[in-house]
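Counting from 4, one number per residue, gives the positions in the sequence shown under the working numbering.
For each residue, glycine too, the CB sits at the ideal point set by N, CA and C.
If you're wondering where the values come from, they're calculated on a predicted model, not measured in any experiment.
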Amino acid sequence: MDDDILNYYERELTFIRELGVEFAKKYPKIAGRLLLEPDKCEDPHTERLIEAFAFISGRIHKKIDDDFPELTEALLNVLYPHYINPIPPVSIVRFDPVQQ
Numbered sequence: 004m005d006d007d008i009l010n011y012y013e014r015e016l017t018f019i020r021e022l023g024v025e026f027a028k029k030y031p032k033i034a035g036r037l038l039l040e041p042d043k044c045e046d047p048h049t050e051r052l053i054e055a056f057a058f059i060s061g062r063i064h065k066k067i068d069d070d071f072p073e074l075t076e077a078l079l080n081v082l083y084p085h086y087i088n089p090i091p092p093v094s095i096v097r098f099d100p101v102q103q
């Protein structure tokens, strides 16, 4: 496994936790049932779900980032096929024979 998957996982986990804080402020009653706190969740089942979702989201985000050149090439091929296709070199040459 790549080491950078850990960076994606941590970034997604941080994002989910920040959303959890916003959710807890907006809906404190529901957040109280889930035992959501800014940096962790007291309920081990909810905590595992959050971590699993962060891992899956991180893998998807990494896959999208890794395949971005292929995605853009496919999109450009559909929208502007002439942009991707190579243009062969074209030259016109005129030779005038010199009599000696």
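query, result
"Reduced DSSP secondary structure (H/G/I, E/B, other) of phenylalanine 38", "The sequence shown places leucine at residue 38, not phenylalanine. Correct three-state label for leucine 38: coil."
"Length at least 4, wholly inside the region 60-89: the alpha helix (DSSP H) runs in chain order", "71-82, 84-87"
"Buried/exposed call for tyrosine 83, threshold 16 Cβ in 10 Å", "exposed"
"Beta-carbon proximity check, leucine 16 vs isoleucine 67, cutoff 9 Å", "no"
"Identity of the residue in Asn80, Ala34, Leu74 nearest proline 89 by Cα", "Asn80"
"Contact set for glutamate 45: own chain, Cβ-Cβ below 6 Å, skip 5 residues either direction", "Leu38"
"Within 9 Å, strictly: CB atoms of isoleucine 8 and arginine 62", "yes"
"Exposure label - alanine 77; buried when at least 16 CB within 10 Å", "exposed"
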